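Residue numbers (the working numbering): 15 to 240.
We put the beta carbon where it would ideally sit given N, CA and C, even for glycine.
These numbers were taken from a predicted model, which means no experiment stands behind them.
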């Protein structure tokens, strides 16, 4: 009995510390996913332009379903990028962290310039395609998702998955909750009122630039220290 009690106490202490460490890491990956999802959704690009043009021409209610396009089209993109990343050595993954950090800082600078020179009266192109399948096609044919999942979010997802699959799932959950939620907000904002939409988009651009800058520095740090 005297030998069993210390062993049980040590095991209980170990499991409790491990549980706390797991929970802390889980929150870290979830928060990273939320931040990257917000940044990805609010960055100007072909897919975002398509959603905005559809909400302006067809109305926000008929465009809402198009915000789900990444859930349809991103699966093969993520699988391809992660399979490629899983075959490269550790030093190359650290290089990708550094390259991704620099790329994120570049995106942050672009978002800052767009925020500073934002023109609410700038004309926006209209698109003739509509619906979820065509929105997914726009996303697949855009270079943004491939670059984002290779240089930015892919290494984070792979690292979390190797620690425990729950971390990878938490990162993906945070990413798509923030991304889809932000896309829905953009659609509703632009489709509801012409004066409200640009203001909301400018705020999102500002938040995106700050978030991207912070994550860019974090990616650089992970690439340097490993």
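| request: For residue 169, collect the residues of the same chain with a Cβ closer than 7 Å to its Cβ; drop the 5 residues on either side in sequence, then sort them by chain order. | output: 99, 107, 110, 111, 114
| field | Sequence-distant residues of the same chain with beta carbon closer than 8 Å to residue 40, five excluded per side | value | 180, 181, 184
| In terms of alpha-carbon separation, which member of 42, 158, 166 lies closest to residue 84? | 158
| request: Closer than 7 Å by C-beta to residue 81: which residues in its own chain qualify, once you throw out the five before and the five after it? Chain order, please. | output: 65, 194, 197, 198, 201
| request: Report back the beta-carbon spacing between residue 78 and residue 192 to the nearest angstrom; my notes put them in contact at under 8 Å. | output: In fact, because the Cβ distance is near 17 Å, the residues do not count as touching under 8 Å.
| Cβ-Cβ separation, residue 61 to residue 166 (assumed contact under 8 Å), whole Å | Going by Cβ atoms, the distance from residue 166 to residue 61 rounds to 16 Å, so no, they are not a contact pair.
| task | Drop a sphere of 10 angstroms on the beta-carbon of residue 233, count the other beta-carbons inside from all chains shown, and report buried for 16 or more, exposed for fewer. | result | buried
| query | Roughly how many whole angstroms lie between the Cα atoms of residue 55 and residue 205? | reply | 17 Å
| For the alpha helix (DSSP H) that residue 74 lies in, which residues bound it at each end? | 74 to 77
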